[in-house]
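Residue numbers (the UniProt record's numbering): 1 to 504.
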């Protein structure tokens, strides 16, 4: 494991069974020490590429190992002495840690499996979860699995989170809503009657709805005080409790929204759509936080979103840490951007694994004004392909740009490309050789799009061109960190960001 941003991140997993003769160690006087020591020796051999010539820490719940590996020890066990000598050239420190504080390791060692069902890597990377697998069935199961999609405590923003211990085990069935006008629950593709019924099973929600509709206060003094304090932040629409959300005027005018209060059984579904769905594409933490803030509410939602993203298996196995270092202050020229698609930057990514349709490269265009991105899967990188893609995919859809920035790749500098620029009146600009920072906008997008594709491609990686349009949609409808808005909002305006959202 490696510490990244104050958290331990897994680099690789490994496990090994004892052979026939090694199983006899357990009957010896120093059997446990020999087994534990052999595990260390085997692991250091396997991970030698990570550990050689580096200082590292070894944590064990077997305190005797701290003495075996300590300098100047004198053991009468020849086997332990031989292994200690083998490990003496490695630079490491041994720390004793109780097994109760290493549940991720100690727990796995206590759960042996007699038989292992055959499973392919495709099944591991693309599990077919049913609705019953995704939605929690009880508060105890949810709390045990996620360690707190709970409803308790007071948050830093001053909002009171009332604890609701009595949640239903199941949601009562309801009839379909039919062709009724769009309401906030329809955005989540959930049954309206079931959603309202699930809300009514939550004590504080039921009490708040009763107060807002009839003015009736609950008998419980703490619940009554909580209802009076938070009543101005909620409204009831068609029997559904809605939370008032104010969006600050970072870009554009400030506005207020009303979003549904999500009961516990539906929280997992909302989190999945905001982060793991193909139209969200695992875009870090800030993007799902913004999506949830605009379309749903439940007490402690920020903590739940953060934990969901941090515990995401796809993100943990497919994304590495990106060291962030502030650049030096320097004088930067300010380009006069008259509007969307007035200045574009183009780049190419590849070669990638060849798809079933024969594509091996990605041709990328990014607009400097709106950060809108276009990406096209192509078979080859030549001037003819570049001109065809730009005419049919960019010019025919967005108009002729005034300026186009690229590196000095041959397909951008050939006579065919120069003739194309001259015909359309495009001012061509080139970045400095061996200095990709000139095209930093598109270079950063290339890394983002590759990380998004990695989350959804199959094991053979021959379907990335089919995933490309959907991950582009996720990128365009995600809120950018610096602009605090979405490229789709700047360029198109109102757009339905996901299958469970309204136009916003």
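Glycine included, every Cβ here is placed at the ideal spot set by N, Cα and C.
Residue 197: member of the alpha helix (DSSP H) spanning 192-200, first to last residue. Looking at the DSSP output, residue 457 sits in no beta bridge, so it has no partner there. The alpha-carbon separation between residue 470 and residue 204 amounts to approximately 39 angstroms.
The region 304-316 makes no contact with the region 342-349; the number of CB pairs closer than 8 angstroms stays below 3. DSSP links residue 57 through a beta bridge to 93. Residue environment: residue 410 is assigned as exposed (fewer than 16 neighbouring CB atoms within 10 Å of its CB, all protein chains considered). The alpha-carbon of residue 371 is positioned some 36 angstroms away from that of residue 264. According to DSSP, residue 364 shares a beta bridge with 347, 375. For residue 85, the uninterrupted alpha helix (DSSP H) segment begins and ends at 78-86. Where residue 410 is concerned, the enclosing alpha helix (DSSP H) starts and stops at 410-413.
Between residue 228 and residue 242 a beta carbon distance of about 19 angstroms is seen, past the 8 angstroms cut, so the two are scored as non-contacting.
Under the three-pair Cβ rule at 8 angstroms, the region 366-384 does not count as touching the region 421-434. When C-beta atoms of the region 265-274 are compared with those of the region 285-294, three or more pairs fall below 8 angstroms, so the two segments count as touching.
Contact check for residue 57 against residue 96 fails: the beta carbons are separated by 8 angstroms or more.
Secondary structure note for residue 9: its beta strand (DSSP E) is the uninterrupted segment 7-9. With fewer than 16 other beta carbons inside 10 angstroms of its own, residue 49 counts as exposed. Spanning the alpha carbons of residue 3 and residue 9 requires a straight line of approximately 6 angstroms.
Around the C-beta of residue 456, 16 or more other C-beta atoms lie within 10 Å, and the residue is accordingly described as buried. Residue 24 and residue 309 have their C-alpha atoms some 44 angstroms from each other. Your pair residue 488 and residue 479 does not check out as a contact, with CB atoms roughly 10 angstroms apart and the cut at 8 angstroms. Each residue's CA atom was taken as its position, placing residue 79 and residue 287 some 54 angstroms apart.
If you ignore the 5 residues before and after residue 236, its C-beta comes within less than 8 angstroms of the C-beta of 209, 212, 213, 242, all in its own chain and listed in chain order.
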